[in-house]
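Student:
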Amino acid sequence: MLKTHTIALAPNNVQATQFAQHCGYARVAYNHGLADFKTGLDEGVWHSHIDLCRRFNAIKHDTYDWCGDMSQNASKNAIYTNLNDAVKRWRSGQNRFPKFKKRAHSKSYQADSGRGTISVVGKRIKLPKIGWVRMFENLRYLGTICKVVISKHGHRWFASILVDTFVDDPISDPRGKPIVGVDVGIKHLAVTSERQYFENPKALRRHERKLKRLQRQFSRKVKGSRNWYKLKDKIAKLHYRITCIRKDAHHKATTAIVKGASRIGIESLNVAGMIKNHRLAKALADASLSTFLEMLKYKAEQMDVKIIEADRFYPSSKTCSACSVVDSDLSLSDRTYHCRACGHTQDRDLNAAINLRTVAEGHSETENACGDSVRPQQLGRESSNQADSTVIDEQLLLFSLS
Ligand SMILES: [Zn+2]
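In the working numbering, the protein residues as written are -7 to 394.
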């Protein structure tokens, strides 16, 4: 099983400079390869990634005479892996045509030259041309190191180490654990049908004033001056801190949910649609709910817990969890769900979570003989426009309340 562990590094000043130089070299190689590829296309010649690598190697010592001090893995991986992937994604229609990399955004390079070429001993990693670099932690997994990417976030350097583990984690025993429905939102990051409430850290909101102040000061500085760079670093550091707070909350919540469930029911979010609403966009981006659900999915997969995603238009917060009547006139100003058909009263998010649990419960009975899933019968389907606008209304309400 392939697993990634990202570890913060503690390079000395020389090593930190070397990291930055390697990132620059990777960018130069990528851009050179891309330019070469484009010229080839104009002339009607298709250069494969192998050709591009060979052509770059032929000229690199003349054109970029400083490259001898660098590990050649940086340029090779930039063309062979990154550029090749970008071209592949373009050909398959998944992405647009690759763009040239800008200096400001090129803060990573891949350091290995294949499986088992990088060694880690204790809290140290040996990188080509750079040597032993101290790490903040031990590598969490045992196995062969397949890939090492060095990158910078905020003020700190990291090594993302991909390991092919030969020791499998003990898979959690699902017996005795409940099926859990998870409702995500802005007010609470997640509410489970087991009545667990996970708070949203609102990381950006907490630091918004500070960030704005720094950005204002930054705008007044002379570009390229000492103070301009100082503030630039400060802003990057604050952004990094915001990401850390958010990530931490996500990791804690997803691990707790996955560990306590035998199967999980979630909703499918139309975040792209919701983010078009400008009043909501910031709060939604701050909560980054889709990242949360992605994290929940991969952790569930690692622990062998099945995830059932409800139909995109399933009205999880408008259905009564007691009698499954859909109340489309549900008053949006109410944090509590009150069913007019049976009188059932419950917290709005909890009611939604219980409905998602029902979806996950119903799933086993709706698998056909081949094991393919059939959409559960009880999932009432509203018209798409109506459902979309309901989602937005609901989220708007939560936003204004929070
Ligand atoms: Zn009811």
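Note that CB positions come from ideal geometry on N, CA and C, so glycine has one too.
A quick note: this is a predicted structure, and the numbers were derived from the prediction, not measured.
Which word fits I142, buried or exposed, when buried means at least 16 other C-beta atoms lie within 10 angstroms of its C-beta?
Tutor: Classification of I142: buried, given that the 10 Å Cβ count is 16 or more.
Student: Check whether the Cβ of C15 sits closer than 8 Å to any heavy atom of ligand 1, and report yes or no.
Tutor: For ligand 1, not one heavy atom lies less than 8 Å from the Cβ of C15.
Student: At a cut-off of 8 Å, is A345 close to ligand 1 when judged by its beta-carbon and the heavy atoms of the ligand?
Tutor: False, no ligand heavy atom lies under 8 Å from that Cβ.
Student: Is any heavy atom of ligand 1 found at a distance shorter than 8 Å from the C-beta of V172?
Tutor: No, ligand 1 has no heavy atom inside 8 Å of this Cβ.
Student: Following a CB-centred definition, is H336 positioned closer than 8 Å to any heavy atom of ligand 1?
Tutor: Correct: H336 has its Cβ closer than 8 Å to ligand 1.
Student: Whether or not the segment 287 to 302 and the segment 345 to 354 are in contact is what I'm after, with contact meaning three or more pairs of Cβ atoms, one per stretch, closer than 8 Å; do they touch?
Tutor: Touching, yes.
Student: DSSP beta-bridge partners for T136?
Tutor: D156.
Student: What did DSSP end up calling F128 once you bin it into helix, strand or coil?
Tutor: In this structure, F128 counts as coil in the three-state DSSP scheme.
Student: Cβ of A314 within 8 Å of any heavy atom in ligand 1?
Tutor: Under cutoff, so the answer is yes.
Student: Apply the 10 Å Cβ neighbour rule to C45 and answer buried if 16 or more other Cβ atoms are within range, or exposed otherwise.
Tutor: With 16 or more other Cβ atoms within 10 Å, it is buried.
Student: Can you check whether the CB of D104 is closer than 9 Å to the CB of V140?
Tutor: Yes, the Cβ-Cβ distance between V140 and D104 is below 9 Å.
Student: Is the beta carbon of V113 sitting closer than 9 Å to the one on A151?
Tutor: Not in contact: V113 and A151 (Cβ atoms no closer than 9 Å).
Student: By the 10 Å Cβ neighbour count, where 16 or more other Cβ atoms means buried, how is T9 classified, buried or exposed?
Tutor: It is exposed - the Cβ of T9 has fewer than 16 other Cβ atoms within 10 Å.
Student: Assign V6 to buried or exposed, taking buried as 16 or more other Cβ atoms, counted over all protein chains shown, within 10 Å of its Cβ.
Tutor: It counts as exposed.
Student: State yes or no: is the C-beta of C138 nearer than 8 Å to some heavy atom of ligand 1?
Tutor: For ligand 1, not one heavy atom lies less than 8 Å from the Cβ of C138.
Student: Roughly how many angstroms lie between the CA atoms of N74 and Y22, to the nearest whole one?
Tutor: About 8 Å.
Student: May I ask you to verify whether the segment 230 to 250 touches the segment 283 to 295, counting CB pairs closer than 8 Å and requiring at least 3?
Tutor: The segment 230 to 250 is in contact with the segment 283 to 295.
Student: The alpha helix (DSSP H) spanning V250 covers which residue range?
Tutor: Segment 218 to 251, the alpha helix (DSSP H) holding V250.
Student: Please go through the same chain and pick out, in chain order, the residues whose beta-carbon is closer than 8 Å to the beta-carbon of T(-2), but skip the five residues on each side of it.
Tutor: So the list reads F150, A151, S152, I153, once near-sequence residues are dropped.
Student: Sorted by chain position, which residues of the same chain lie with C-beta nearer than 7 Å to K226's C-beta, five sequence neighbours on each side aside?
Tutor: Contacts found: L206.
Student: Taking 8 Å as the cut-off, is the C-beta of A333 nearer than that to any heavy atom in ligand 1?
Tutor: Checking the Cβ of A333 against ligand 1 gives yes.
Student: Following a CB-centred definition, is N351 positioned closer than 8 Å to any heavy atom of ligand 1?
Tutor: Checking the sequence, you will find Val at residue 351 rather than Asn. False, no ligand heavy atom lies under 8 Å from that Cβ.
Student: Can you tell me the Cβ-Cβ gap for E259 and D175, rounded? I've got them flagged as a contact below 8 Å.
Tutor: Contact flag correct, Cβ pair sits at about 7 Å.
Student: Is V79 near ligand 1, with its Cβ less than 8 Å from a heavy atom?
Tutor: It does not: the Cβ of V79 is nowhere closer than 8 Å to a heavy atom of ligand 1.
Student: Between V407 and ligand 1, is there a pair consisting of the residue's CB and a ligand heavy atom that are separated by less than 8 Å?
Tutor: Residue 407 is absent from the model: the chain starts at -7 and stops at 394.
Student: Report the residue ranges of all beta strand (DSSP E) runs contained in full by the segment 254 to 322; include only those spanning at least 3 residues, in chain order.
Tutor: Whole beta strand (DSSP E) segments, 3+ residues: 255 to 258, 298 to 301.
Student: Under 9 Å between the Cβ atoms of T157 and M(-7)?
Tutor: Contact flag set, yes.
Student: Under 8 Å: do the segment 11 to 18 and the segment 95 to 103 share three or more Cβ pairs, one atom per stretch?
Tutor: Verdict: yes, contact present.
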